[in-house]
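*Asks:* Residue numbers (my numbering): 1 to 336.
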Ligand code: PEP
Ligand code: MN
C-alpha cells in the first residue's frame with residue numbers, strides 16, 4: 001500500500017501518520033515520490049486504511065500488491081519521462097545513447113561524439129571506471145576519463161552516461177556526468193543502489209545478467225525507495241547456455257517490463273550480442289518491441305579499441321542503423 005501525502009503538509013502531520021502506523025504495528029518506509037511524501041506500508045488493516053483515508057493530509061491510498069510498489073506501473077500508469085536538457089527518455093521520447101565502451105583519448109571521444117550526434121544520438125556514453133573480467137585488462141582512465149567526457153559534452157552539447165562501480169564512484173561520476181550507470185555486475189549491490197537512491201542524478205540501471213525480471217525491478221525499487229525516481233532500466237542480455245553470443249537478449253522482457261513498470265526501458269544490444277554484426281538486428285527487434293531507447297557501443301576504429309571492439313559499430317554502421325530504427329518507430333508509432 002502506498003499512502004500519498006500532500007506535498008506542503010507540516011512535518012508534525014506526517015509524524016502523526018507515522019504514529020498511527022506505529023501504533024497499528026505496521027512496517028513502513030518513508031520517502032518521496034512525484035514530489036510528495038509517501039509511506040510504503042505492508043499489511044495495513046482496513047480500519048487503519050479507513051482512518052488514514054479520512055485525514056486531510058492524505059491525498060490517496062494506492063493499493064499495490066507488487067513487491068516493487070514505487071516502480072509499479074500502477075502508481076503512474078502514464079509512464080515516467082526522464083529529462084536532461086534536450087535529452088528525454090520515456091513517454092514516447094526515444095533515447096539513443098551511443099559511444100565507445102571506454103574512454104581512451106579526447107580525440108577518440110570527440111570524434112565519436114560528433115559522428116553519433118550527427119547520426120541522431122541523444123546522449124554520449126563512455127566508460128571511465130571499467131568493470132573488467134581480468135585484473136590485468138585496461139581498467140579505464142578513471143577521473144581523467146570523466147574530465148574528457150565532460151569536456152566533450154561541453155563541446156557537443158550531448159548529455160553523458162558513464163558507469164560507477166562503488167558508492168564513492170557514484171558521487172564522483174555525478175560531479176562530471178549527467179547520468180550514472182550501474183552495470184550488470186553491480187545490479188544487486190544494495191549499498192551502491194542505496195547511494196543511487198540518495199543521489200539526485202538520473203541512474204541508468206542495467207539488468208543483472210542472472211536476474212529475473214522481478215529481481216531487476218526490486219533493484220530499481222532500492223533507488224526509488226531512497227527518493228530518486230529518475231531511473232532508466234536497461235535490458236542488456238542474460239546468461240544462457242547459448243555460446244554464439246556473449247549473452248542472450250530476451251526481447252520479451254521489453255513489453256513485459258513496460259507493462260510492469262512506469263520506468264523507461266532501454267536496450268543495450270552491444271553487450272548482449274558481443275559481436276557487431278548482430279547489433280543492428282537486435283536494435284530493430286528491441287525498437288519494434290517497444291523499447292524507449294538504445295545504448296550502443298560505437299568506436300571510430302573498432303579493431304584498435306581498448307575494450308569491446310568486437311561488438312562496437314563504426315560511425316557509418318551506427319548512422320545506418322539509427323535511420324532504420326527511426327523507420328521502425330514510425331511503423332509502430334500508433335500501435336502502442
Ligand atoms: C558497459 O556498458 O560498458 C558495460 C560494462 O555493460 P554491462 O554492465 O551491461 O556489461
Ligand atoms: Mn563495453
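Note that CB positions come from ideal geometry on N, CA and C, so glycine has one too.
Predicted model, so just to flag it, every value in this text is computed and none were measured.
Under 8 Å by Cβ, that's how I've got residue 282 and residue 249 pegged, so tell me the actual separation to the nearest angstrom.
*Replies:* If you number the chain shown from 1, residue 282 lands on position 282. If you number the chain shown from 1, residue 249 lands on position 249. So it is a contact: roughly 5 Å between Cβ atoms.
*Asks:* What do you reckon, are the CB atoms on residue 273 and residue 279 nearer than 8 Å?
*Replies:* Mapped onto the chain shown, residue 273 falls at position 273. Mapped onto the chain shown, residue 279 falls at position 279. A contact, by the Cβ cut-off of 8 Å.
*Asks:* Could you name the residues that DSSP lists as bridge partners for residue 72?
*Replies:* Locating residue 72 in the chain shown gives position 72, counting from the first residue. 261, per the DSSP bridge assignment.
*Asks:* Could you tell me the alpha carbon to alpha carbon distance between residue 167 and residue 2, rounded to whole angstroms?
*Replies:* On the chain shown, position 167 is the one that residue 167 refers to. On the chain shown, position 2 is the one that residue 2 refers to. Going from the Cα of residue 167 to the Cα of residue 2 covers about 28 Å.
*Asks:* Is DSSP giving residue 29 helix, strand or coil here?
*Replies:* Against the chain shown, residue 29 aligns to sequence position 29. Three-state result, residue 29: strand.
*Asks:* Assuming residue 106 contacts residue 151 under a Cβ cut-off of 8 Å, what Cβ separation, rounded to an integer in Å, is found between them?
*Replies:* Locating residue 106 in the chain shown gives position 106, counting from the first residue. Locating residue 151 in the chain shown gives position 151, counting from the first residue. Right, their Cβ atoms sit about 7 Å apart.
*Asks:* I'd like to know whether the C-beta atoms of residue 169 and residue 207 end up nearer to each other than 8 Å.
*Replies:* For the purposes of this step, residue 169 is taken as the residue at position 169 of the chain shown. For the purposes of this step, residue 207 is taken as the residue at position 207 of the chain shown. Taking 8 Å as the Cβ cut-off, residue 169 and residue 207 do not qualify as a contacting pair.
*Asks:* Within its chain, find whatever has a CB closer than 8 Å to the CB of residue 275; leave out the 5 residues flanking it on each side and keep chain order.
*Replies:* Indexing the chain shown from 1 puts residue 275 at position 275. Correct list, in chain order: 245, 246, 310, 311.
*Asks:* Return yes when at least one heavy atom of the ligand MN lies under 7 Å from the C-beta of residue 244, else no.
*Replies:* The residue you call residue 244 lines up with position 244 of the chain shown. Residue 244 Cβ: outside cutoff for every heavy atom of the ligand MN.
*Asks:* Just grab the DSSP bridge partners of residue 41 for me.
*Replies:* As a working note, residue 41 is residue 41 in the chain shown. In DSSP, residue 41 forms a bridge with 28.
*Asks:* Spatial neighbours of residue 147 within its chain, please: CB distance less than 8 Å, with the 5 preceding and 5 following residues excluded, ordered by chain position.
*Replies:* Counting from one through the chain shown, the residue named residue 147 turns up at place 147. Cβ within range, chain order: 176.
*Asks:* Counting only the same chain and skipping the five closest in sequence on each side, list residues whose C-beta sits under 8 Å from that of residue 36.
*Replies:* Counting from 1 along the chain shown, the entry for residue 36 is found at position 36. For residue 36, where only same-chain residues beyond five positions count, the Cβ hits under 8 Å are 4, 5, 6, 7, 59.
*Asks:* Once you ignore the five residues that flank residue 91 on each side, which residues in its own chain have a CB closer than 6 Å to its CB?
*Replies:* Position 91 of the chain shown holds residue 91. Counting only Cβ-Cβ distances below 6 Å, and skipping sequence neighbours, we find 79, 81.
*Asks:* So is the beta-carbon of residue 293 under 7 Å away from any non-hydrogen atom of the ligand PEP?
*Replies:* Here residue 293 refers to the residue found at position 293 of the chain shown. No, Cβ of residue 293 sits at least 7 Å from all heavy atoms of the ligand PEP.
*Asks:* Thinking residue 57 and residue 88 are a contact (beta carbons under 8 Å), I'd like their distance in whole angstroms, please.
*Replies:* For this step, residue 57 is matched to residue 57 along the chain shown. For this step, residue 88 is matched to residue 88 along the chain shown. With 8 Å as the limit, residue 57 and residue 88 do not qualify as a contact, their Cβ atoms being about 33 Å apart.
*Asks:* Sorry if obvious, but does the Cβ on residue 271 come closer than 7 Å to a heavy atom of the ligand MN?
*Replies:* By 1-based counting over the chain shown, the position of residue 271 is 271. Under cutoff, so the answer is yes.
*Asks:* Could you tell me whether the Cβ atoms of residue 39 and residue 17 are closer together than 8 Å?
*Replies:* In the chain shown, counting from the first residue as 1, residue 39 sits at position 39. In the chain shown, counting from the first residue as 1, residue 17 sits at position 17. Yes, Cβ-Cβ distance for residue 39 and residue 17 is below 8 Å.
*Asks:* How long is the line joining the alpha carbons of residue 286 and residue 295, rounded to whole angstroms?
*Replies:* Here residue 286 corresponds to residue number 286 of the chain shown, with the count starting at 1. Here residue 295 corresponds to residue number 295 of the chain shown, with the count starting at 1. The alpha-carbon atoms of residue 286 and residue 295 are separated by roughly 11 Å.
*Asks:* Note the first and the last residue of the continuous beta strand (DSSP E) segment covering residue 97.
*Replies:* Indexing the chain shown from 1 puts residue 97 at position 97. Run containing residue 97: 95–99, per the beta strand (DSSP E) assignment.
*Asks:* Is residue 132 helix, strand or coil when you go by DSSP?
*Replies:* Numbered from its first residue, the chain shown carries residue 132 at position 132. DSSP places residue 132 in coil when its eight states are reduced to three.
*Asks:* Express the C-alpha separation of residue 132 and residue 141 in angstroms, rounding to a whole number.
*Replies:* Here the question's residue 141 lines up with position 141 in the chain shown. Here the question's residue 132 lines up with position 132 in the chain shown. Distance between the alpha carbons of residue 141 and residue 132: 13 Å.
*Asks:* For the ligand PEP, any of its heavy atoms closer than 7 Å to the Cβ of residue 191?
*Replies:* Here residue 191 refers to the residue found at position 191 when the chain shown is read from its first residue. Outside the cutoff, so no.
*Asks:* Which residues in the same chain as residue 66 place their Cβ atom closer than 6 Å to its Cβ, once the five residues preceding and following it in sequence are excluded?
*Replies:* Taking the first residue of the chain shown as position 1, residue 66 is located at position 66. Excluding residues within five positions, the ones whose Cβ falls inside 6 Å are 72.
*Asks:* Hey, residue 114 and residue 156: beta-carbon distance below 8 Å or not?
*Replies:* Taking the first residue of the chain shown as position 1, residue 114 is located at position 114. Taking the first residue of the chain shown as position 1, residue 156 is located at position 156. Yes, the Cβ-Cβ distance between residue 114 and residue 156 is below 8 Å.
*Asks:* Going by C-alpha to C-alpha distance, which of 130, 230, 226, 187 sits closest to residue 179?
*Replies:* Sequence index remark: in the chain shown, residue 179 carries index 179 (1-based). Checking every option, the nearest Cα to that of residue 179 belongs to 230.
*Asks:* Going by the DSSP bridge assignment, what does residue 123 pair with across the sheet?
*Replies:* Taking the first residue of the chain shown as 1, we reach residue 123 at position 123. In the DSSP output, where bridge partners are listed per residue, residue 123 has 97, 159.
*Asks:* Flag this pair as yes or no: are the beta carbons of residue 163 and residue 183 separated by less than 8 Å?
*Replies:* Counting from 1 along the chain shown, the entry for residue 163 is found at position 163. Counting from 1 along the chain shown, the entry for residue 183 is found at position 183. Contact flag set, yes.
*Asks:* Once you ignore the five residues that flank residue 174 on each side, which residues in its own chain have a CB closer than 7 Å to its CB?
*Replies:* As a working mapping, residue 174 is identified with position 174 in the chain shown. Result list for residue 174: 180, 199, 201, in chain order.
*Asks:* Check for me: the beta strand (DSSP E) holding residue 234 runs from which residue to which?
*Replies:* Taking the first residue of the chain shown as 1, we reach residue 234 at position 234. Segment 231–235, the beta strand (DSSP E) holding residue 234.
*Asks:* Does the distance from the CB of residue 205 to the CB of residue 225 come in under 8 Å?
*Replies:* Here the question's residue 205 lines up with position 205 in the chain shown. Here the question's residue 225 lines up with position 225 in the chain shown. No; because the gap between Cβ atoms is not below 8 Å, this pair is not in contact.
*Asks:* Closer than 6 Å by C-beta to residue 305: which residues in its own chain qualify, once you throw out the five before and the five after it? Chain order, please.
*Replies:* Locating residue 305 in the chain shown gives position 305, counting from the first residue. The answer, listed in chain order, is 299, 312.
*Asks:* List the whole-angstrom C-beta distance separating residue 149 from residue 126, where the pair is believed to meet the contact cut-off of C-beta under 8 Å.
*Replies:* Here the question's residue 149 lines up with position 149 in the chain shown. Here the question's residue 126 lines up with position 126 in the chain shown. Rounded, the Cβ-Cβ distance is 5 Å, consistent with contact.
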